[in-house]
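Enquirer:
Chains as they are written, first to last, in my numbering: chain A, 1 to 97; chain B, 1001 to 1545.
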């Protein structure tokens, strides 16, 4: 159970870090792949408006999903911690480097 | 400044700013009555709800640069600076994800509170000193902006404006503590968003745009004329490395900003902190998109009317003076002032927390909390006065000092926090060595201290981008490699993480009393990260074109 939770925490952190970086730095993709700099949206060049939209609604969307998923993860973690037996003096001393 | 750009009736401006300051002082005074303990003073009693906190986070982050400096740089650099600004919206979400909620669990007042528990006293002194320097630099940028706004608003000399605006500002922040700073920041965010977005509708209508009903995103019909007037406006202009350098220099710096982290810590719970981040992203996105349209319109205005904006920092104010009634222009200036105040509020509260809680926690651990709180008030006032004094001789661009400070923070503090939270091997001595060496290296290779020793040149060096791309990866790599080495050398045994240090990590991740030695303790991933950092370091040393 705790191995699963640990892996899940690391995975969630990496996935959301990458998603946030992509939302905030999407202009880099248009520099890396200049072929994408074609077309317009709402009258703007695509390489201008897409980073602005991702930097606003994209980040807000990722934050919303992150909040829902991470808050649910916290519940699972809390459930696990509550399932543990109370710590005793012996337990504390047995944890040695 | 040409007379046509000045506010036609100074008394209207004085009235608007006077009313705003009266509200700020009233909020500060009422908040001070709720402040009874150091938890109230530094963290608003850990009680702020998500919407208020989201507004407060956005206001604290938005700063006067959003109204003045960034528009000036969009006027000069055009679209690449829009891209530079967009990425700042991920700072607080990243901060919250990577360590904010963990530190909220331990009820930290500032990130340095964690540094003290995780790395001990000497490391705390190093990090706190860097953070105070950076907070003063940051407050300095805001003070300069306030001086410029008052200069334009009332037509008084810059130095007089700095003294009046600075003292009035420091006063209400000192009165209110974190409750006052938070409630005021939430109100200021509303004022600054209305001031940024609504009057732009009238300006766009005057310029012939059909998208005046929603200025932040509906100015697409102005694009053909803009391309005709400035064909290069939408060009990306720089190569990939320029955009990549934004990550170490500007994304990783704000992640460690104490005044942003403190906004996460004031939340009523870990879950509430995450919800606050959703509101933050929505509010800040609206304000930032308003800023981009002002930058666009400033360029459009100069290109299509043939008029010159001599002080680029004052573009928003000038557009409003030119197109809108005096009362509206005065309100916009009030919004700019509110932006400066909210950030200075955060900066000074961070200085108070760093000195009153973290530094005194090291120097005088037995001092009672009420006395520490009084020291916090004193530090807050002193930090404000220092920023006022330094603002008498400002750098050319308002944002230069702030952006430079971000690179310094990413070099000195970000590795300590991120590796400290996620890696049990992080070593105290390795932190002190890498933070000190790389911090001084960053200062040396930027053009502000020794102009003959510099990495990169021009604006990328002045803003700290080229320097940051060298020192930030070096700091991460050095910290990782030295930690692994020091932990295995008997001579440095006293600096190795103790069991208590390691237990802190498990606890702040929510594991309670369940301790596991192998958790957050691998070395393969850190070594790979150090190798990647060294590759970026060498890439940063390649001469910039």
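Don't be surprised by glycine CBs; every beta carbon is placed ideally from N, CA and C.
Just to confirm my understanding: we take residue 1154(B), look at its own chain, exclude 5 residues before and 5 after, and list those with CB closer than 6 Å. What are they?
Expert: For residue 1154(B), where only same-chain residues beyond five positions count, the Cβ hits under 6 Å are 1010.
Enquirer: Could you check what DSSP says for residue 95(A) in three-state terms: helix, strand or coil?
Expert: Caution applies to residue 95(A), whose pLDDT of 42 falls short of 50 and renders its modelled position unreliable; the model cannot decide the point.
Enquirer: For the alpha helix (DSSP H) holding residue 1167(B), just list the boundary residues, first then last.
Expert: Here the alpha helix (DSSP H) through residue 1167(B) covers 1158–1206.
Enquirer: Does residue 1014(B) come out as helix, strand or coil in the three-state DSSP assignment?
Expert: Helix at residue 1014(B).
Enquirer: What are the start and end residues of each continuous alpha helix (DSSP H) run of 4 or more residues lying completely inside the region 1347–1417 of chain B, in chain order?
Expert: 1360–1363, 1369–1390 and 1400–1412, all fully within the region 1347–1417 of chain B.
Enquirer: Chain B partners of residue 47(A), CB-CB under 9 Å?
Expert: Those within 9 Å of residue 47(A) in chain B are 1079, 1234 and 1236.
Enquirer: Tell me whether the beta-carbon of residue 1273(B) lies closer than 8 Å to the beta-carbon of residue 1267(B).
Expert: The answer is yes: Cβ separation under 8 Å.
Enquirer: Would you kindly work out how many angstroms separate the C-alpha atoms of residue 97(A) and residue 1517(B), rounded to a whole number?
Expert: With a pLDDT of 38 at residue 97(A), under the threshold of 50, the predicted position of this residue should be treated as unreliable, though the coordinate-derived value follows. One C-alpha to the other measures close to 8 Å.
Enquirer: Are residue 1445(B) and residue 1467(B) closer than 8 Å when you measure CB to CB?
Expert: Contact flag set, yes.
Enquirer: Have a look at the DSSP bridge pairing and note the partners of residue 41(A).
Expert: Residue 41(A) pairs with 44(A).
Enquirer: Give a yes or no on whether the minimum CB-CB distance between residue 1275(B) and chain A is below 8 Å.
Expert: Yes, residue 1275(B) counts as interfacial toward chain A.
Enquirer: Look up residue 1434(B) in the DSSP assignment and say whether it is helix, strand or coil.
Expert: Three-state result, residue 1434(B): helix.
Enquirer: Quick one: using the 10 Å Cβ neighbour count with 16 as the cut-off for buried, is residue 1292(B) buried or exposed?
Expert: By the neighbour-count rule (16 or more Cβ atoms within 10 Å), residue 1292(B) is buried.
Enquirer: Spell out a yes or no on whether the region 1303–1313 of chain B and the region 1173–1189 of chain B are touching, meaning 3 or more CB-CB pairs, one atom from each, closer than 8 Å.
Expert: Judged by Cβ distances under 8 Å, the region 1303–1313 of chain B makes no contact with the region 1173–1189 of chain B, as fewer than three pairs qualify.
Enquirer: I'd like the ranges of any alpha helix (DSSP H) spanning at least 4 consecutive residues and lying wholly in the region 1079–1132 of chain B.
Expert: Taking only runs of at least 4 residues, the alpha helix (DSSP H) segments lying wholly in the region 1079–1132 of chain B are 1079–1086, 1091–1095, 1101–1105 and 1111–1119.
Enquirer: With a cut-off of 8 Å, does the C-beta of residue 1473(B) fall near any C-beta of chain A?
Expert: No, because no Cβ of chain A sits closer than 8 Å to the Cβ of residue 1473(B).
Enquirer: Going by C-alpha distance, which of 1222(B), 1250(B) and 1092(B) is nearest residue 1299(B)?
Expert: The option with the nearest alpha carbon to residue 1299(B) is 1222(B).
Enquirer: Run through chain B and tell me which residues come within less than 9 Å of residue 66(A), C-beta to C-beta.
Expert: Under the 9 Å cutoff, chain B gives 1093, 1096, 1097, 1274, 1277 and 1278.
Enquirer: Can you give the Cα-Cα distance for residue 86(A) and residue 1512(B), rounded to whole angstroms?
Expert: Answer to the nearest angstrom: the Cα atoms are 11 Å apart.
Enquirer: Comparing C-alpha positions only, which one of 1270(B), 1185(B) and 1411(B) sits nearest to residue 70(A)?
Expert: Nearest C-alpha to residue 70(A): 1270(B).
Enquirer: So, does the region 1501–1515 of chain B touch the region 1421–1441 of chain B, judging by three or more C-beta pairs under 8 Å?
Expert: Because the criterion of three Cβ pairs below 8 Å is met, the region 1501–1515 of chain B and the region 1421–1441 of chain B touch.
Enquirer: Which value, in whole angstroms, describes the spacing of the CA atoms of residue 1239(B) and residue 28(A)?
Expert: For residue 1239(B) and residue 28(A), the distance between alpha carbons rounds to 9 Å.
Enquirer: Closer than 6 Å by C-beta to residue 1411(B): which residues in its own chain qualify, once you throw out the five before and the five after it? Chain order, please.
Expert: Within the same chain, residue 1411(B) has close Cβ partners 1438, 1439, 1442, 1471, 1472 and 1475.
Enquirer: Look up residue 1267(B) in the DSSP assignment and say whether it is helix, strand or coil.
Expert: Of the three classes helix, strand and coil, the one that applies to residue 1267(B) here is strand, per DSSP.
Enquirer: Between which two residues does the alpha helix (DSSP H) containing residue 1067(B) stretch?
Expert: Segment 1050–1067, the alpha helix (DSSP H) holding residue 1067(B).
Enquirer: State the DSSP-derived secondary structure class of residue 1469(B), mapped to helix, strand or coil.
Expert: Residue 1469(B): helix per DSSP, three-state reduction.
Enquirer: Please name the residue in 24(A), 50(A), 78(A) and 13(A) whose C-alpha comes closest to that of residue 36(A).
Expert: With distances taken between Cα atoms, residue 36(A) lies closest to 50(A).
Enquirer: Using only the heavy atoms of the ligand ADP, determine whether one of them is closer than 7 Å to the beta carbon of residue 29(A).
Expert: This structure does not include the ligand ADP; it has no bound ligands of any sort.
Enquirer: Would you mind working out which of 1034(B), 1200(B), 1283(B) and 1217(B) sits nearest residue 1328(B), comparing C-alpha positions?
Expert: That would be 1200(B), whose Cα lies nearest to the Cα of residue 1328(B).
Enquirer: Tell me the rounded alpha-carbon separation between residue 1447(B) and residue 1088(B).
Expert: Each residue's Cα considered, the two are about 24 Å apart.
Enquirer: Could you tell me the alpha carbon to alpha carbon distance between residue 1225(B) and residue 58(A), rounded to whole angstroms?
Expert: Approximately 29 Å, taken between the alpha carbons.
Enquirer: If you draw a straight line from the alpha carbon of residue 1324(B) to that of residue 1203(B), how long is it in whole angstroms?
Expert: For residue 1324(B) and residue 1203(B), the distance between alpha carbons rounds to 7 Å.
Enquirer: State yes or no: is the beta carbon of residue 11(A) nearer than 8 Å to at least one beta carbon in chain B?
Expert: Closer than 8 Å: no.
Enquirer: Could you check how far apart the C-beta atoms of residue 1080(B) and residue 1236(B) are, in whole angstroms? I think they sit under 8 Å.
Expert: With a Cβ gap of about 7 Å, residue 1080(B) and residue 1236(B) count as contacting.
Enquirer: Go ahead and pull the three-state DSSP assignment for residue 1451(B).
Expert: Residue state, collapsed to three classes: coil.
Enquirer: Measure the alpha-carbon distance for residue 1362(B) versus residue 1405(B) and round it to whole angstroms.
Expert: Going by the C-alpha atoms only, they are around 25 Å apart.
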